[in-house]
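For reference, the structure is listed below as C-alpha cells.
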Amino acid sequence: MKKKIAIIGSGIAGLTLANFLYKKKELDFMVYEKNESLPLDEGYGIQLSTNSIKILNQINFNKINSEKIYHPKGVDIYNIQNEKICDLDLVKLNFNDNKYTTLQRSTLIEFLKDDIYTQHIRFGKRIKEVSELKGKVLIKFDDNTNDLVNFVIGADGIFSNTRSFFEKKKNKPIFKNAIAVRRILKSTSDLNIDQSKISLMMGKNCHLVIYPINKRKELNFVCIVRHNKYDPDNIKTLIQKVVKQNSNLEKIFEGDLTSWPLFTTPKIFPSTNNKVFYIGDAFNGFLPTLAQGAGQSIESAYELFNLIKDERGDIQNIYFQERSKRAKIVRRRSNFNFFVFHLSSKFMQMIRNFFMKFLIKRKSFINSYLGTVYKN
Ligand SMILES: Cc1cc2nc3c(=O)[nH]c(=O)nc-3n(C[C@H](O)[C@H](O)[C@H](O)COP(=O)(O)OP(=O)(O)OC[C@H]3O[C@@H](n4cnc5c(N)ncnc54)[C@H](O)[C@@H]3O)c2cc1C
Numbered sequence: 002m003k004k005k006i007a008i009i010g011s012g013i014a015g016l017t018l019a020n021f022l023y024k025k026k027e028l029d030f031m032v033y034e035k036n037e038s039l040p041l042d043e044g045y046g047i048q049l050s051t052n053s054i055k056i057l058n059q060i061n062f063n064k065i066n067s068e069k070i071y072h073p074k075g076v077d078i079y080n081i082q083n084e085k086i087c088d089l090d091l092v093k094l095n096f097n098d099n100k101y102t103t104l105q106r107s108t109l110i111e112f113l114k115d116d117i118y119t120q121h122i123r124f125g126k127r128i129k130e131v132s133e134l135k136g137k138v139l140i141k142f143d144d145n146t147n148d149l150v151n152f153v154i155g156a157d158g159i160f161s162n163t164r165s166f167f168e169k170k171k172n173k174p175i176f177k178n179a180i181a182v183r184r185i186l187k188s189t190s191d192l193n194i195d196q197s198k199i200s201l202m203m204g205k206n207c208h209l210v211i212y213p214i215n216k217r218k219e220l221n222f223v224c225i226v227r228h229n230k231y232d233p234d235n236i237k238t239l240i241q242k243v244v245k246q247n248s249n250l251e252k253i254f255e256g257d258l259t260s261w262p263l264f265t266t267p268k269i270f271p272s273t274n275n276k277v278f279y280i281g282d283a284f285n286g287f288l289p290t291l292a293q294g295a296g297q298s299i300e301s302a303y304e305l306f307n308l309i310k311d312e313r314g315d316i317q318n319i320y321f322q323e324r325s326k327r328a329k330i331v332r333r334r335s336n337f338n339f340f341v342f343h344l345s346s347k348f349m350q351m352i353r354n355f356f357m358k359f360l361i362k363r364k365s366f367i368n369s370y371l372g373t374v375y376k377n
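As C-alpha cells, this is what we get:
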C-alpha cells in the first residue's frame, strides 16, 4: 500500500513538497490548510536566489510566463540619502537556467497550486487532536473529519500549531523589535535608483529595499524599521523615523501600505516524533535580511522529499542534521545583515561602508558569504 503523508499548511513550503510528491506518484498525500482559499491576489514580492530556483526548475518553474517574473542583474547599495556606496553583481552568481529571480509571492503560489489544487488541497482544516494508531498518526480535524497517515509534515509557518500537538518543548517566536512596511510601486521618480536592479538603502535603525517583480515594471518596496511596539493602526511613527532622514522618501510611503511585526524562532529543535517533520518557517523562522525565508522553505521541502522518496533509514536524524546546519548559516548571515544595515552612529556607518566597498569586489568573500547560501 502507498505511504500517506499529511502536509499541514499550504504556504510555499507545503506546496513545494506537494508538487514533488505529485511528481513522484508513489506516495499518497493531502495538504490541509486552515484558510478557505489560497491568497492569490496578494501583492508582496519575494526574492529567490539560485539555490531555490535550481529546485523549482525541476518542477518546471523555467516554463513560467516570463512576463510575471524578473531577473535583477545586481544589487545597488546606498545610504539613506540615496548616495551610492557600492554594488553587487548578481549575474556572476547565476548559472545556466538558474537565475536570481524576483516575483510576487502570489505568482509563485499560483504556479505551485496548478497541478495539485483540485485533488490534493483541503481548505478550512485545523487539527483538533492527534493520536497513534497501528504505527500511524491519526489526525482529527475540527470539522470532524480525520486522516490516518504515515507522516505528518508541519508546514504551517512560524507560529506552527502542528508543533503544539507533538512537541512538549516550546519554541515561541520572539518579536525582533522591528516592523516591515510594504507596498507595490509603479515608479520611484523621487529617487535616483536603477529600477532594473535591487536597491538597498541603509539608514539609522532602518533599511529599505526596492526591486522589480515583473516585466510590467512594478516594484516591491519594503522598509524595515526598528521599533519596540507594533501597532498596525499607527505606522506613521515608523514612517516619520525614516522620512526625517531623507524627505525624498515621503512619496514612497503614500498609498496602500501593509505592515508586519518581525519574528524569529530562537532555537532549532528536532522533532521528537519520528513520523513528524517541520519544513519552512515551521522548522525555523529567519529575519528577512538575507531574503532567504522562501528559499529555505523550498530547500527544506526538497530535502525532506528526497529522504522520504529514497526511504532512507533514520530520516529524522539525517533531515535534522542537514537542515539545522543550513539554517544556522542562513540565520547567522540574516542576523548579521540586520545589525549592519541599521547602524545608527555616523562613525560606524563610515567604517561599514568602507568595508562593504572593499569586500563586495572580493570574489572569495562573495563566494563564502553568499555563495555558500546560493550553493550551486
Ligand atoms: C517582510 C518580509 C519580507 C520577506 N521577504 C522575503 C524575500 O524577499 N525572500 C524570501 O525568500 N523570503 C522572504 N520572506 C520570508 C518568506 O515569506 C517566508 O519565510 C516563507 O513564506 C515561509 O513559507 P512557509 O510555507 O514556511 O510558511 P507560510 O508562508 O507562513 O505558510 C504557512 C501556511 O500554513 C497555513 N496555516 C497556519 N496555521 C495553520 C493551521 N493551524 N492549520 C492549517 N494550516 C495552517 C497558513 O494559512 C499558510 O497558508 C519575507 C518575510 C517577511 C516578513
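In this note's numbering, the protein residues as written are 2 to 377.
Where is the CB? At the ideal position from N, CA and C, for every residue including glycine.
Please read these numbers as outputs of a predicted model, since none were measured by experiment.
Apply the 10 Å Cβ neighbour rule to residue i and answer buried if 16 or more other Cβ atoms are within range, or exposed otherwise.
i, result
"Val-210", "buried"
"Ser-53", "buried"
"Gln-120", "exposed"
"Leu-22", "buried"
"Glu-27", "exposed"
"Ser-200", "buried"
"Thr-373", "exposed"
"Pro-213", "buried"
"Asn-66", "exposed"
"Phe-62", "buried"
"Pro-267", "exposed"
What would DSSP say about residue i, mapped onto helix, strand or coil?
i, result
"His-208", "strand"
"Phe-62", "helix"
"Pro-174", "coil"
"Pro-289", "helix"
"Leu-250", "helix"
"Val-331", "helix"
"Gly-75", "strand"
"Leu-258", "coil"
"Thr-189", "coil"
"Asn-99", "strand"
"Leu-91", "coil"
"Ile-383", "This structure leaves residue 383 out entirely; the chain is present only between 2 and 377."
"Lys-114", "helix"
"Ile-86", "strand"
"Leu-41", "coil"
"Ser-272", "coil"
"Ser-161", "coil"
"Phe-284", "coil"
"Asn-20", "helix"
Name the one or two DSSP bridge partners that residue i has.
i, result
"Asn-147", "Lys-141"
"Gln-105", "Gly-46"
"Tyr-33", "Ile-9, Arg-123"
"Pro-213", "Leu-220"
"Ile-279", "Correcting the residue identity first, residue 279 is Tyr in this sequence and not Ile. Tyr-279 pairs with Gly-155."
"Lys-4", "Leu-28"
"Thr-265", "Ile-175"
"Ser-200", "Asp-77, Ile-211"
"Leu-134", "Lys-137"
"Ile-70", "Leu-104"
"Arg-184", "Phe-222"
"Arg-227", "Ala-179"
"Ile-54", "Per DSSP, none; premise fails for Ile-54."
"Ile-128", "Phe-142"
* Asked: Taking contact to mean at least 3 C-beta pairs separated by less than 8 Å, is the segment 153-161 in contact with the segment 275-287?
  -> yes
* Three or more beta-carbon pairs under 8 Å between the segment 358-375 and the segment 75-90, yes or no? -> Because the criterion of three Cβ pairs below 8 Å is met, the segment 358-375 and the segment 75-90 touch.
* Asked: Three or more beta-carbon pairs under 8 Å between the segment 307-326 and the segment 66-73, yes or no?
  -> Fewer than three pairs of CB atoms, one per stretch, sit closer than 8 Å, so the segment 307-326 makes no contact with the segment 66-73.
* **Ranges of the alpha helix (DSSP H) found wholly within the segment 298-376, counting only runs of at least 4** => 316-342, 347-361, 364-367
* To do: Tell me, please, whether the segment 188-200 touches the segment 245-254 by the rule of three or more beta-carbon pairs shorter than 8 Å.
  => yes
* Asked: Counting pairs of beta carbons, one from the segment 98-118 and one from the segment 19-35, are three or more of them closer than 8 Å?
  -> With the cut-off at 8 Å, the segment 98-118 and the segment 19-35 touch.
* Asked: Does the pairing of the segment 294-312 with the segment 10-17 give three or more beta-carbon distances under 8 Å?
  -> yes
* Inter-stretch contact (C-beta, 8 Å, three-pair minimum) for the segment 235-245 and the segment 270-278 -> The segment 235-245, when compared against the segment 270-278, does not touch it at the 8 Å Cβ threshold.
* When the Cβ atoms of the segment 253-267 are set against those of the segment 168-185, are three or more pairs found closer than 8 Å? -> yes
* Counting Cβ pairs closer than 8 Å, one from the segment 224-233 and one from the segment 125-145, do we hit at least three? -> no
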